[in-house]
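Novice: For reference, the structure I am asking about is given below.
In our numbering, the protein residues as written are 1 to 234.
Have a look at this one:
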């Protein structure tokens, strides 16, 4: 569930200087994979699991959960399967398996990755997903075969919204921020990356295919990754 944008029209897709890009940094949930899985899981499946266990109305459980989610928003705990398993007393990883059929690529995402690979650019996943969630999604989608490297924020001890993530990334990934592109659906993440010197930052306007396109301000934005490829119609 990503914030920072409203619904509405957007500007034409950005024209990237691909000759000035060596490394493509890509978010997973809401950029490569449909955020519908995560939204459905946290806003429907988890409240229903709590209601089955404790009794009561799933909507009442969701109201309580929203408060719990808000307390750790923007922190590593928000993304942590183990944190929520302890906090809620639920087998979060197992519950995710139950709705794994919702895990799917966003339109044109894998075609974009293949095209970037043919262009000779390095494709690096930078994700806040917990390793258990990442493993599930890699297994269900085959995404790993389209990447050169994967960096998990849990391994760096800070989420991508945090400046410490970008400082520590330099220690585990040999890349030039001035010759890199980041695509992400989270505006706080894009802001942190821009502040860290990442030259090209692009937002995604429709991370969840079941929801309307969002208005994004302050960043170039695309509906699908295919719009970033050379020769794509604006």
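Where is the CB? At the ideal position from N, CA and C, for every residue including glycine.
Express the C-alpha separation of residue 55 and residue 29 in angstroms, rounding to a whole number.
Specialist: 31 Å
Novice: With distances taken Cα to Cα, identify the nearest neighbour of residue 82 among 140, 74, 91.
Specialist: Nearest of 140, 74, 91 to residue 82, Cα basis: 91.
Novice: For residue 60, count neighbouring C-beta atoms within 10 Å of its own C-beta (all shown protein chains included) and say buried if the count is 16 or more, exposed if not.
Specialist: Residue 60 comes out exposed.
Novice: Just the Cα atoms here: how many angstroms apart are residue 219 and residue 21?
Specialist: 18 Å
Novice: Could you tell me which of 191, 121, 110, 96 sits nearest to residue 19, measuring between CA atoms?
Specialist: 121
Novice: In the DSSP assignment, find the alpha helix (DSSP H) that holds residue 86 and state where it starts and stops.
Specialist: 81 to 88
Novice: Following the continuous beta strand (DSSP E) through residue 62, name the residue where it begins and the one where it ends.
Specialist: Going by DSSP, residue 62 is part of no beta strand (DSSP E) but of the alpha helix (DSSP H) stretching over 58 to 71.
Novice: At which residues does the beta strand (DSSP E) containing residue 151 begin and terminate?
Specialist: 149 to 152
Novice: If you drop the 5 nearest sequence neighbours on each side, which residues of the same chain put their C-beta closer than 6 Å to that of residue 109?
Specialist: 32, 225
Novice: Buried or exposed, going by whether 16 or more other CB atoms sit within 10 Å of the CB of residue 210?
Specialist: exposed
Novice: So is residue 36 buried or exposed if we call it buried at 16+ other beta carbons inside 10 Å?
Specialist: buried
Novice: Indicate whether residue 177 and residue 198 have their beta-carbon atoms separated by less than 9 Å.
Specialist: With contacts defined as CB atoms closer than 9 Å, residue 177 and residue 198 qualify as a contacting pair.
Novice: Looking at the structure shown, is residue 23 part of a helix, part of a strand, or coil, going by DSSP?
Specialist: strand
Novice: When the Cα atoms are used, what is the spatial distance from residue 189 to residue 49?
Specialist: 31 Å
Novice: What is the rounded straight-line gap between the Cα of residue 62 and the Cα of residue 72?
Specialist: Answer to the nearest angstrom: the Cα atoms are 16 Å apart.
Novice: For residue 163 versus residue 203, is the C-beta distance shorter than 9 Å?
Specialist: no
Novice: Beta carbon of residue 81: closer than 8 Å to some heavy atom of the ligand FAD?
Specialist: Absent from the structure shown: the ligand FAD. Ligands present: none.
Novice: Can you pull the DSSP bridge partners for residue 180?
Specialist: 23
Novice: With a 10 Å radius around its C-beta and 16 neighbouring C-beta atoms as the bar for buried, classify residue 230 as buried or exposed.
Specialist: exposed
Novice: Can you tell me which of the three DSSP states residue 52 falls into?
Specialist: In the three-state reduction of the DSSP assignment, residue 52 falls in the helix class, which pools H, G and I.
Novice: When DSSP builds the beta bridges, which residues end up paired with residue 141?
Specialist: Per DSSP, residue 141 has no beta-bridge partner at all.
Novice: Counting C-beta neighbours from all protein chains within 10 Å, is the total for residue 206 16 or more, i.e. buried, or is it exposed?
Specialist: So residue 206 counts as buried.
Novice: Can you tell me which of the three DSSP states residue 122 falls into?
Specialist: strand
Novice: Check whether the Cβ atoms of residue 38 and residue 127 lie closer than 9 Å to each other.
Specialist: Against a cut-off of 9 Å, the Cβ pair of residue 127 and residue 38 comes out as no contact.
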